[in-house]
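Anchor point for the sequence shown: position 42 equals 41 in numbering that gives the first Met the number 0, and the numbering is continuous, going up by one each time.
Backbone N, C-alpha and C fix where the C-beta goes; we use that ideal spot for every residue, glycine too.
Everything on this sheet refers to the single structure shown next.
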Amino acid sequence: MNYFFSTIFSFFALFLKPFSVKYSCLLKWGDIGMDLKSIWTTFLAKIEEQVAPASYDVWFKDTILHNIEDNIAYIIVPMEIHKTHLEENYNNIMQEIFTDITGSIFTFKYLLDEEITSEIKEEPKTNVIMETNLNPQYTFENFVVGESNKFARATSLAVAEKPGFMYNPLFIYGNSGLGKTHLMHAIGNYIIKNSNKRVLYVTSEKFVSDFIGINKKNSEGNNFDNVEIFKRKYRDIDVLMIDDIQYLGNANQTQQEFFNTFNDLYGNNKQIIISSDRSPDDLKLLEDRLRTRFNWGLTIDILPPDFKLRMDIIDKKVESHGLNIDFPQDVKEFIASNCTSDIRKLEGAITRVVAYATMMSGSNITLDLAVEALKDYFTKSIISKNKINQVQQLVANHYNISVEDLKGKKRSANIKSPRQIAMYICRTVLGESLPKIGNEFGGKDHTTVMHSVEKIKQELKTNEILEMEITKIVNQIK
Ligand code: ADP
Ligand code: MG
Numbered sequence: 000m001n002y003f004f005s006t007i008f009s010f011f012a013l014f015l016k017p018f019s020v021k022y023s024c025l026l027k028w029g030d031i032g033m034d035l036k037s038i039w040t041t042f043l044a045k046i047e048e049q050v051a052p053a054s055y056d057v058w059f060k061d062t063i064l065h066n067i068e069d070n071i072a073y074i075i076v077p078m079e080i081h082k083t084h085l086e087e088n089y090n091n092i093m094q095e096i097f098t099d100i101t102g103s104i105f106t107f108k109y110l111l112d113e114e115i116t117s118e119i120k121e122e123p124k125t126n127v128i129m130e131t132n133l134n135p136q137y138t139f140e141n142f143v144v145g146e147s148n149k150f151a152r153a154t155s156l157a158v159a160e161k162p163g164f165m166y167n168p169l170f171i172y173g174n175s176g177l178g179k180t181h182l183m184h185a186i187g188n189y190i191i192k193n194s195n196k197r198v199l200y201v202t203s204e205k206f207v208s209d210f211i212g213i214n215k216k217n218s219e220g221n222n223f224d225n226v227e228i229f230k231r232k233y234r235d236i237d238v239l240m241i242d243d244i245q246y247l248g249n250a251n252q253t254q255q256e257f258f259n260t261f262n263d264l265y266g267n268n269k270q271i272i273i274s275s276d277r278s279p280d281d282l283k284l285l286e287d288r289l290r291t292r293f294n295w296g297l298t299i300d301i302l303p304p305d306f307k308l309r310m311d312i313i314d315k316k317v318e319s320h321g322l323n324i325d326f327p328q329d330v331k332e333f334i335a336s337n338c339t340s341d342i343r344k345l346e347g348a349i350t351r352v353v354a355y356a357t358m359m360s361g362s363n364i365t366l367d368l369a370v371e372a373l374k375d376y377f378t379k380s381i382i383s384k385n386k387i388n389q390v391q392q393l394v395a396n397h398y399n400i401s402v403e404d405l406k407g408k409k410r411s412a413n414i415k416s417p418r419q420i421a422m423y424i425c426r427t428v429l430g431e432s433l434p435k436i437g438n439e440f441g442g443k444d445h446t447t448v449m450h451s452v453e454k455i456k457q458e459l460k461t462n463e464i465l466e467m468e469i470t471k472i473v474n475q476i477k
C-alpha cells in the first residue's frame, strides 16, 4: 500500500511541482557556450545518420555553418545547385535537427563563399549560443515577501535594476530552502528581460566541473580550446551568479581560478552574486582572500519565515496550483505550523495533500485528510497519541505551572492563557480533533477548545512575542 501511495505521489508530483525541473534556456546569441563549429559538427553527424551516404557526400559534407543572426542560419555551400536542392529536398529534416541542437527555430540561407557580404564577414567567428541556466519560474513576482526576507528581496531587486552598480558582490546566505536560489534566478530573469546583459547562473559544483574539464585534451593533444571556452563562458558576461559557494571546497586550484574570475569581473564592474548556506566568515574552507572579497559588497541573510509569511506562501502556492477544490484555512495552518524552517518542505506538503485528495477520487481537502496525508512526511513522531501530553508538559514547563493546572478548571490569567496556548498547539500543530483535545484537557467541551484556539489565533495577529514563545515550544516537540 505504501508503495502504491509513493508511486501515486511521484506521479502527481510530476504535474504539481514544475519548480523542481532544471531549465537551461538558450536565449540569446552571445559569446559563450557552444560555438558554430560544434553546432555544425553535431548537425552533420545527425544528418549523416538520416540520409543515404551518397547524398550526404554530395549535399552536406562540404557545407559550413558561417553565422547565425536574427534567426537566420547562414550556410556556405560549394555550388549554386546546392541552394535549391537543399531548400527543396531537405529543409524539413534540417530544421528539425537544427532545432533539436540549438533549442531555437531558424530559417536557412545558403551562400557561396564569394557571396559573403562584408557585414556578415565582420561577425566574430565564435558567435555562439548563450546559456543562462535560468529557471523562468523563479521571478520576483512569485517571491512572497515577509519580515524574514524583505531585505534580501529589496537588495536583490536593486541589483537586478542596476547590475554592477551597487552592492558588488551581493552575497546572500541562509539555511536550505529559504529562497536563495529563487532570488538569484529572479535577479537573472529580471536582467535578461530588461536589458541585453549577459547573465550566467551556475552552481559552484558546475564551476568546479567546468574548471576540471579544462584539462581534457583534444584530438591534437592540447587543451587550448578548453581554456579559451572556459574563459569566455565565465568572463565574457555581465552578471555571474554562483550558487551554494560552500561546495567550492578546498581544491586550491579551483579557488585560485575562482579568484581570478572574480577579480576579472569585479575589475570590469561586472556584477557578481554569490549564495551560501553560511556567512562569508563561516566559510572555513575558503581562502581568506576570497572571504575578504565577499565582504567588499553587501552581505544579506534570509531568515526562516515567520507564521504569517508561511501562510502567505501557502496561499500563493495553492493559488498557483490553480486548484478548483477548496483548501481550507485549518489545513493551511496545520501545514504552516509544522513546516517552520524550510519552504521547500512546505511546498512538498501542499503537493502531497493535493495529490492525496485527488487520489481519494477527488474528496474534499479537510484537516483529517491532511493529517493522514502528511503523517509520514512531517517528522514521524510529531503526530501521535501521547503528543498531547507532551505538549502539555512543554507548555507547563515554559510557563512554570503544573500539568494538573493546565488540565484543571482554574481561570486565573496565568493558567488560562497557557491552557489556551497548549490547546492551540494541539490543534494546529498536532492536527488533533477538538473533542479529543477537550478530553485530554480534563474532559472539556469541544466548543471550549474551539474558542481557545480562535482566541490564540487572533492574538497571534498582533503579538509577536507570543509567536516566538509558541515557536520555541513547538520546536521542542520530539
Ligand atoms: P534555497 O536555495 O535557499 O535552498 P530555494 O530558492 O531553492 O531555497 O527555495 C526552495 C523552494 O521554496 C523553491 O521552490 C522556491 O520557489 C520556494 N520559495 C522560497 N522562498 C520563497 C518565497 N519567499 N516565496 C515563494 N516561494 C519561495
Ligand atoms: Mg539553493
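- In this structure, the ligand ADP has no non-hydrogen atom nearer than 7 Å to the beta-carbon of R277.
- For Q270, the enclosing beta strand (DSSP E) stretches over residues 270–275.
- Counting only the Cα atoms, K205 lies some 32 Å from E47.
- With a cut-off of 8 Å on Cβ pairs, the stretch 457–467 is not in contact with the stretch 435–447, counting fewer than three such pairs.
- D69 has its CB no nearer than 7 Å to any heavy atom of the ligand MG.
- When C-alpha distances from L264 are compared across S218, V198, V317, the shortest belongs to V198.
- Sequence-distant partners of K331 (beyond 5 residues in either direction) whose C-beta falls short of 8 Å from its own C-beta, in its chain, are M310, I313, D314, V317.
- The ligand MG approaches T180 closely enough that one of its heavy atoms is under 7 Å from the residue's Cβ.
- Within a 10 Å sphere around the beta-carbon of N262 sit fewer than 16 other beta-carbons, which makes this residue exposed.
- Nearest Cα to K460 within the set G178, F306, Q392, T446: F306.
- If you draw a 10 Å sphere on the C-beta of D237, you find 16 or more other C-beta atoms in it, and that means buried.
- Closest option to N91, judged by alpha-carbon separation, among P327, F258, Q49, K269: Q49.
- Looking only at G212, I186, S194, the smallest Cα-Cα distance to Y200 is reached by I186.
- Counting only residues of its own chain and dropping the five nearest sequence neighbours on each side, G437 has a CB closer than 7 Å to the CB of K443, D444, H445, T447, V448.
- For the ligand ADP, no non-hydrogen atom lies closer than 7 Å to the CB of N337.
- At least one heavy atom of the ligand MG is found less than 7 Å from the C-beta of D242.
- In this structure, the straight-line span from the alpha carbon of I271 to that of Y246 is close to 17 Å.
- With 16 or more neighbouring CB atoms inside 10 Å of its own CB, H181 falls in the buried class.
- DSSP places T291 in the uninterrupted alpha helix (DSSP H) bounded by 287–293.
- Here the alpha carbon of G178 sits roughly 44 Å from the alpha carbon of R410.
- With a threshold of 7 Å, the Cβ atom of S37 does not count as near the ligand ADP, since no heavy atom of the ligand is closer than that.
- The alpha helix (DSSP H) runs of length 4 or more contained entirely in the stretch 209–269 are, from start to end of the chain, 223–234, 251–266.
- In the three-state DSSP reduction, K108 falls in the strand class (E or B).
- Minimum Cα-Cα distance from T470 among the listed residues S336, D341, I455, S451 corresponds to S336.
- 8 Å or more divides the Cβ of L308 from the Cβ of E140.
- Across the set K108, E86, E371, R290, the C-alpha of E371 shows the shortest separation from the C-alpha of F333.
- With fewer than 16 other beta carbons inside 10 angstroms of its own, H450 counts as exposed.
- For the pair I387 and E453, the CB atoms are not nearer than the 8 Å cut-off.
- If you compare the alpha carbons of Q457, M240, D341 with that of G163, the shortest gap goes to M240.
- As the crow flies, the alpha-carbon of F59 is around 7 Å from that of L43.
- In the structure shown, the three-state DSSP call for E403 is helix.
- For the beta strand (DSSP E) assignment, the uninterrupted runs of no fewer than 3 residues enclosed by the stretch 139–193 are, from N- to C-terminal side, 169–172.
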